[in-house]
Amino acid sequence: GGWDPGAVGFYGTQEKDITLNIARFIRLLGLYDDEISIVLTRSEDVYVPHRERTGLANSLKADLFVSIHANAHPRSSATNGIEVLVHDDTGLRTYPQNRDLALLLQKRLTRTLNATDRGIKHQTLFIRWAEMPAVLIETGFLTNPTEELKLRSLGYQWTVAETIFSTIKEYLHSTNKRKR
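For the sequence shown, my numbering assigns the number 1 to the initial residue and increments by one for each residue that follows.
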């Protein structure tokens, strides 16, 4: 957000706008649910450093940290699909939970959105600083013109948000974590 647009699509769509909309929709769903609370690391178009994002979650003792993104491929406009990333250090205390949450989100998102399943990816990521299970969701490729048009659609963004929200609830129920 802010000065950092993130990925930029074929038609000029900026990642920061897509992801902020999805996050706001998730927060809206949370306002009407008495089981979980949703806290955004940004609710406006501002840049929040990675350490502050995970720092907020840590200070709140959040149950989960979910980072929402839109992908880009520098050499192919044909690349498409959804992937969920976890930090590549399998020795992290939260790694088993990270992987379980990522697998569940990947399954639900690709099925609901009828999207290409690019699988779970392991990378060195800022989410490693989270003291709770943490994943990074790539909701699609802005550099794919067809996928960019989907991501620009408020209806598609709402469906992405609903799927993420319901999957978070499903995961928390399976681990017996509830709103405090």
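From the three backbone atoms N, C-alpha and C, an ideal C-beta is built for every residue, glycine too.
Being a predicted model, the structure only gives us computed values, none of them experimental.
- Across the set Asp33, Arg51, Leu60, Ile22, the C-alpha of Ile22 shows the shortest separation from the C-alpha of Glu44.
- For Ser59, the enclosing alpha helix (DSSP H) covers residues 50–59.
- Around the Cβ of Glu52, a 10 Å sphere holds fewer than 16 other Cβ atoms; the residue is exposed.
- When DSSP states are grouped into helix, strand and coil, Thr94 belongs to the coil group.
- Judged by DSSP secondary structure, Phe25 falls outside any beta strand (DSSP E) and instead within the alpha helix (DSSP H) spanning 15–31.
- Judged by DSSP in its simplified three-state form, Ala134 adopts strand.
- In the structure shown, Ala7 falls within a coil segment according to DSSP collapsed to helix, strand and coil.
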